[in-house]
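Novice: Below you will find the structure I want to go over with you.
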Amino acid sequence: MTATTRLARVALAVALTLATTPARAHLSEKTAASQASNLSQETPPPTTSERDLAYELGVQAEALGDLARAAAAHERAYRLTTAAEPGPRLLFLRASVAARLRADDGSAATRVHLCHAQALLRDYLADPALTPELAAEERVSLQRLEQRLAVAGAPTCATLLGATPPPAPAPATPTTTTPTTAAETPRPPPPVVATPTPTPRPAITRPLRISGAVGLGLGATGLALLAAGVVVGRRANQRGHEYCSERATACVANDPVLRDIETSGRRGDTLVRVGAVLAGLGLLAGVTLLAISARKPGPRRSALRPAGLGLAGSF
Amino acid sequence: MRGAAPAIQLALMTTALVIGALLACYRDDYLLGALCYRDADCGDDQCCAGVRCRPQPDDCLRTAGVDEPTPFLPAYQPCDRDEQCLVHGQPVCAHWAGATVGFCTDFCVGDPTRNCELHSDGFPVDYTPRTCATVDGQSVCAIDCSADPACPPEMQCHQGVCVPSAAP
Numbered sequence: 001m002t003a004t005t006r007l008a009r010v011a012l013a014v015a016l017t018l019a020t021t022p023a024r025a026h027l028s029e030k031t032a033a034s035q036a037s038n039l040s041q042e043t044p045p046p047t048t049s050e051r052d053l054a055y056e057l058g059v060q061a062e063a064l065g066d067l068a069r070a071a072a073a074h075e076r077a078y079r080l081t082t083a084a085e086p087g088p089r090l091l092f093l094r095a096s097v098a099a100r101l102r103a104d105d106g107s108a109a110t111r112v113h114l115c116h117a118q119a120l121l122r123d124y125l126a127d128p129a130l131t132p133e134l135a136a137e138e139r140v141s142l143q144r145l146e147q148r149l150a151v152a153g154a155p156t157c158a159t160l161l162g163a164t165p166p167p168a169p170a171p172a173t174p175t176t177t178t179p180t181t182a183a184e185t186p187r188p189p190p191p192v193v194a195t196p197t198p199t200p201r202p203a204i205t206r207p208l209r210i211s212g213a214v215g216l217g218l219g220a221t222g223l224a225l226l227a228a229g230v231v232v233g234r235r236a237n238q239r240g241h242e243y244c245s246e247r248a249t250a251c252v253a254n255d256p257v258l259r260d261i262e263t264s265g266r267r268g269d270t271l272v273r274v275g276a277v278l279a280g281l282g283l284l285a286g287v288t289l290l291a292i293s294a295r296k297p298g299p300r301r302s303a304l305r306p307a308g309l310g311l312a313g314s315f
Numbered sequence: 316m317r318g319a320a321p322a323i324q325l326a327l328m329t330t331a332l333v334i335g336a337l338l339a340c341y342r343d344d345y346l347l348g349a350l351c352y353r354d355a356d357c358g359d360d361q362c363c364a365g366v367r368c369r370p371q372p373d374d375c376l377r378t379a380g381v382d383e384p385t386p387f388l389p390a391y392q393p394c395d396r397d398e399q400c401l402v403h404g405q406p407v408c409a410h411w412a413g414a415t416v417g418f419c420t421d422f423c424v425g426d427p428t429r430n431c432e433l434h435s436d437g438f439p440v441d442y443t444p445r446t447c448a449t450v451d452g453q454s455v456c457a458i459d460c461s462a463d464p465a466c467p468p469e470m471q472c473h474q475g476v477c478v479p480s481a482a483p
C-alpha cells in the first residue's frame, strides 16, 4: 500500500464525514474552528481526531498484514462514531468485519475473529434507528458469518469472547498491541471439522502483475527479434542466390560480397535464436506471473470494495 | 484448469522455440558449386571438394590422392531440373542447344580444364575434354566434342557438346 493510497482512504473517510455531518467534521484545528457554531447545536462526538487516528492505525495495520490489529482499530473507530453519522459508521464497521473475516484462517486460534465480527454486526443491527436499507446488507453478512461459525464441535463464541479481552482496544499510539495475541488468548480445543477458508496473503498482486507485464513485454520483444532475424536471414539467402545463380559465371566462395552476405545471414540466425529464447522465457514468465497474480487478489482491494460500494448507496 | 495452465505455458515456450529453430532460415546453399580453396570458404555442412563447394558428407568423398585429379561422379549426369543436381552440389541442369535431356554441371569460371569436373567414364581418368558452353546466357562446364565427337557412354555429341542420350 502506498502512502498515496492511504492518504486517499483517509481523505475518503474525511469526505464522508463532512458529507453527512459537516458540523462534526473538524479533523483539524482549522476545521474545528470554522465549525464551532454548528457543533454547539449537536451532541459532539467523543473525539473525532481520536477516531481518525484509530482509522489511520487500522489502515496502516492492514497494509502491514496485521489484520487482527486492523480489525480492532477499525472497530475502535466504529465505536467512536455515533449513529448520527451512518456513512462513516458503516465504513468502519465493514472495514473491521472484513479484516476479521480475513484474519480467520479456519483454525480454532483465529475463530475468535469471527465471533468479534458477529458481535459487531449484531451491535450494529441492534440499533432501532437503523433503516432497512442500511440494515439489509449487514443482515446478509451476519447470516454468512453465522453459517461460517456453525461448525460442529467448535467452541462457542460465548466461550471464546468470554475468555478474551474486549474486542475494541484503544490504540492511542501505533505501538498498541492487539487484543488477541497468542500469549493472551487461551488456546481453545481444536475443532473436529474446520471449514477451510482462504488464508490472508500479502499484497503482492500488483508487483506480480507488473512483473508479468514486463515478462510479456520481453516475450514480445523476443518475437520481434525473431521476426527481424527471419527477414534478415531470408534476405541474405535471396541475395546469395541472386549473386551466384544469376550471373554468367560461377561465384567464388571467398568473394567479399559473399562474405558480407554470409555475415548478414548469420546475424539473422543469431537474432532468430536469441529472439526465440527470449520469447519463450518471457512469455513463460509473463503468463506464469499473471496467472499467479490473478489467483491471489490483494487483500486491500477486497477490503475496500464492500465499504466503498455500500457507502455509495447509503448517501 | 490449474493443471492446464502449465501445459499451455510449456506449449507456448516450445512453440516459440520450435518456430525459432525452423525459421532459423539462413541457408548458405547458394555457395554450392562455388569455386573454393578450403573447406572454410564454403558454407555449413559443405566441403571444398576439388575446387568446388559440395555438400557433406557423401559428395566430399574424393578418394584419390590430394594432387591427383579425381572424377566427380554426379557431374554430367542426366537431369531435368536444377534441384536434381543441387543435392550433389552442382547448381545447374543445363539443356544445351535445345537438347531434350539436360546434364548436371557447374557454372564455368576461369580455365575449364582446371575448374570443371572430370567425367568418371569414357576417358582417361585425368583427361576429360572440357569447355565452357553458354546456356541461357550463363557459362557452364561441358564435355567438349567439337574436335573429337567421342563422348562417354550414354552420352552423345550434340553441336559440339556431349549431352545425355537418355532421360534420367
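From first to last, the protein sequence lines are chains X and D.
With the working numbering applied, the first sequence covers 1 to 315.
With the working numbering applied, the second sequence covers 316 to 483.
Think of the CB as a built atom: it goes at the ideal place given N, C-alpha and C, for glycine as much as any other residue.
Just so it is clear, the structure is predicted and the values come from calculations on it, not from any experiment.
#1: Give the interface partners of residue 352 of chain D over in chain X, defined as CB-CB distance under 8 Å, in chain order.
#2: Work out the CA separation of residue 276 of chain X and residue 406 of chain D for me, nearest whole Å.
#3: Buried or exposed for residue 248 of chain X, please, with buried defined as at least 16 other CB atoms from any protein chain shown within 10 angstroms of its CB.
#4: Who are the Cβ neighbours of residue 124 of chain X in its own chain at under 7 Å, not counting the five residues just before and after it?
#5: Going by the DSSP bridge assignment, what does residue 448 of chain D pair with across the sheet?
#6: Please state if the CB of residue 472 of chain D and the CB of residue 431 of chain D are separated by a distance shorter than 8 Å.
#7: So for residue 365 of chain D, helix, strand or coil by DSSP?
#8: With three or more C-beta pairs closer than 8 Å as the rule, is the segment 266 to 276 of chain X touching the segment 227 to 235 of chain X?
#9: With DSSP as the reference, label residue 420 of chain D as helix, strand or coil.
#10: Which partner residues of residue 409 of chain D appear in the DSSP bridge assignment?
#11: For the segment 418 to 436 of chain D against the segment 343 to 351 of chain D, are there 3 or more C-beta pairs whose distance is under 8 Å?
#12: Just checking my contact of residue 245 of chain X with residue 391 of chain D at CB under 8 Å: how many whole Å lie between their CB atoms?
#13: For residue 323 of chain D, is the classification buried or exposed, using 16 other Cβ atoms within 10 angstroms of its Cβ as the cut-off for buried?
#14: Which chain D residues are close to residue 205 of chain X, counting only those with a beta carbon under 7 Å from its beta carbon?
#15: Using Cβ-Cβ distances below 8 Å, what residues of the segment 262 to 277 of chain X are close to chain D?
#16: Do you know how far the Cα of residue 370 of chain D is from the Cα of residue 362 of chain D?
#17: Of all the options D:367, D:403 and D:355, which has the alpha carbon lying nearest to the alpha carbon of residue 374 of chain D?
#18: Under the three-state reduction of DSSP, which class applies to residue 29 of chain X: helix, strand or coil?
#19: At the level of alpha carbons, what is the spacing between residue 420 of chain D and residue 342 of chain D?
#20: For the structure I just gave you, are there three or more beta carbon pairs, one from the segment 457 to 464 of chain D and one from the segment 249 to 265 of chain X, closer than 8 Å?
#21: Is the beta carbon of residue 219 of chain X within less than 7 Å of some heavy atom of the ligand GDP?
#22: Using the DSSP secondary-structure output, state which residues sit across from residue 394 of chain D in a beta bridge.
#23: State whether the segment 284 to 291 of chain X contacts the segment 250 to 261 of chain X, with contact taken as three or more CB pairs (one from each stretch) at a distance under 8 Å.
#24: Of the choices X:151, X:225 and X:291, whose alpha-carbon is the least far from that of residue 206 of chain X?
#25: When DSSP builds the beta bridges, which residues end up paired with residue 479 of chain D?
#26: From what residue to what residue does the alpha helix (DSSP H) around residue 115 of chain X run?
#27: Is there a Cβ of chain D sitting closer than 8 Å to that of residue 240 of chain X, yes or no?
#28: DSSP has residue 132 of chain X in a bridge; who is on the other side?
#29: For residue 454 of chain D and residue 355 of chain D, what's the separation of their Cα atoms in angstroms?
#30: Give a yes or no on whether the C-beta atoms belonging to residue 96 of chain X and residue 120 of chain X are separated by under 8 Å.
#31: One question on the structure: do residue 437 of chain D and residue 467 of chain D come within less than 8 Å of each other, judged by their Cβ atoms?
#32: With distances taken between CB atoms, is the gap from residue 73 of chain X to residue 98 of chain X smaller than 8 Å?
#33: Among residues of its own chain, excluding the 5 on either side of residue 225 of chain X, which ones have a beta-carbon nearer than 7 Å to its beta-carbon?
#34: Could you check whether the Cβ of residue 413 of chain D sits closer than 8 Å to any Cβ belonging to chain X?
#35: So with CB distances below 9 Å, who are the chain X contacts of residue 368 of chain D?
Specialist: Answer, in terms of the structure:
#1: Working through the second sequence from its first residue, we reach residue 352 of chain D at position 37. One finds 253 and 254 in chain X with Cβ atoms closer than 8 Å to the Cβ of residue 352 of chain D, taken in chain order.
#2: Within the second sequence, the letter at position 91 stands for residue 406 of chain D. Within the first sequence, the letter at position 276 stands for residue 276 of chain X. Distance between the alpha carbons of residue 406 of chain D and residue 276 of chain X: 32 Å.
#3: If you number the first sequence from 1, residue 248 of chain X lands on position 248. Sixteen is the threshold: since fewer than 16 other Cβ atoms of the shown chains lie within 10 Å of the Cβ of residue 248 of chain X, the residue is exposed.
#4: In the first sequence, counting from the first residue as 1, residue 124 of chain X sits at position 124. Once the five neighbours on either side are set aside, the close Cβ partners of residue 124 of chain X are 93 and 138.
#5: By 1-based counting over the second sequence, the position of residue 448 of chain D is 133. Its beta-bridge partners are D:455.
#6: As a working mapping, residue 431 of chain D is identified with position 116 in the second sequence. As a working mapping, residue 472 of chain D is identified with position 157 in the second sequence. Cβ distance not < 8 Å, so residue 431 of chain D and residue 472 of chain D don't count as in contact.
#7: Position 50 of the second sequence holds residue 365 of chain D. In the structure shown, residue 365 of chain D adopts coil according to DSSP, grouped into three states.
#8: Taking 8 Å as the limit for Cβ pairs, the verdict is that the segment 266 to 276 of chain X does touch the segment 227 to 235 of chain X.
#9: Position 105 of the second sequence, counted from the start, is the residue given in the question as residue 420 of chain D. If DSSP states are grouped into helix, strand and coil, residue 420 of chain D belongs with the strands.
#10: Mapped onto the second sequence, residue 409 of chain D falls at position 94. Its beta-bridge partners are D:418.
#11: The segment 418 to 436 of chain D is in contact with the segment 343 to 351 of chain D.
#12: For the purposes of this step, residue 245 of chain X is taken as residue 245 along the first sequence, with counting starting at 1. For the purposes of this step, residue 391 of chain D is taken as residue 76 along the second sequence, with counting starting at 1. With a contact defined as Cβ atoms closer than 8 Å, residue 245 of chain X and residue 391 of chain D miss out at about 19 Å.
#13: Sequence index remark: in the second sequence, residue 323 of chain D carries index 8 (1-based). It is exposed - the Cβ of residue 323 of chain D has fewer than 16 other Cβ atoms within 10 Å.
#14: Numbered from its first residue, the first sequence carries residue 205 of chain X at position 205. Under the 7 Å cutoff, chain D gives no residues; its nearest Cβ is about 17 Å from residue 205 of chain X.
#15: Residues passing the 8 Å Cβ filter: 262, 265, 266, 268, 269, 272, 273, 275, 276 and 277.
#16: Counting from one through the second sequence, the residue named residue 362 of chain D turns up at place 47. Counting from one through the second sequence, the residue named residue 370 of chain D turns up at place 55. Their backbone Cα atoms lie some 6 Å apart in a straight line.
#17: Counted from its first residue, the second sequence places residue 374 of chain D at position 59. Residue D:403 is the option with its Cα nearest to residue 374 of chain D.
#18: Against the first sequence, residue 29 of chain X aligns to sequence position 29. Any reading at residue 29 of chain X must be qualified, since the residue scores a pLDDT of 39, below 50, and its modelled position is unreliable; the value itself is stated next. In this structure, residue 29 of chain X counts as helix in the three-state DSSP scheme.
#19: For the purposes of this step, residue 420 of chain D is taken as the residue at position 105 of the second sequence. For the purposes of this step, residue 342 of chain D is taken as the residue at position 27 of the second sequence. Each residue's alpha carbon lies about 21 Å from the other.
#20: Proximity of the segment 457 to 464 of chain D to the segment 249 to 265 of chain X falls short of the contact definition, fewer than three beta-carbon pairs being nearer than 8 Å.
#21: The ligand GDP is not part of the structure shown, which contains no ligands of any sort.
#22: Looking up residue 394 of chain D in the second sequence gives position 79. According to DSSP, residue 394 of chain D bridges with D:417.
#23: The segment 284 to 291 of chain X vs the segment 250 to 261 of chain X: no contact.
#24: Residue 206 of chain X sits at position 206 when you count from the first residue of the first sequence. For residue 206 of chain X, the nearest C-alpha among the options comes from X:291.
#25: Residue mapping note: residue 479 of chain D aligns to position 164 of the second sequence, counting from 1. D:470, per the DSSP bridge assignment.
#26: Sequence index remark: in the first sequence, residue 115 of chain X carries index 115 (1-based). Where residue 115 of chain X is concerned, the enclosing alpha helix (DSSP H) stretches over 111 to 125.
#27: By one-based count along the first sequence, residue 240 of chain X stands at place 240. Cβ-Cβ to chain D under 8 Å: yes for residue 240 of chain X.
#28: Reading the first sequence from its first residue, position 132 is the one you call residue 132 of chain X. Bridge partners of residue 132 of chain X: none, in fact.
#29: The sequence position of residue 454 of chain D within the second sequence is 139, counting from 1. The sequence position of residue 355 of chain D within the second sequence is 40, counting from 1. So the alpha carbons of these two residues sit roughly 26 Å apart.
#30: Here residue 96 of chain X refers to the residue found at position 96 of the first sequence. Here residue 120 of chain X refers to the residue found at position 120 of the first sequence. The Cβ-Cβ distance between residue 96 of chain X and residue 120 of chain X falls below 8 Å.
#31: As a working mapping, residue 437 of chain D is identified with position 122 in the second sequence. As a working mapping, residue 467 of chain D is identified with position 152 in the second sequence. Against a cut-off of 8 Å, the Cβ pair of residue 467 of chain D and residue 437 of chain D comes out as a contact.
#32: Locating residue 73 of chain X in the first sequence gives position 73, where the first residue counts as 1. Locating residue 98 of chain X in the first sequence gives position 98, where the first residue counts as 1. No. Outside cutoff.
#33: Counting from one through the first sequence, the residue named residue 225 of chain X turns up at place 225. Taken in chain order, the residues that qualify are 271, 274, 275 and 278.
#34: For this step, residue 413 of chain D is matched to residue 98 along the second sequence. No - not a single Cβ of chain X is within 8 Å of the one on residue 413 of chain D.
#35: To locate residue 368 of chain D, count along the second sequence from 1; it is residue 53. Listed along chain X, the residues sitting closer than 9 Å to residue 368 of chain D by beta-carbon distance are 253.
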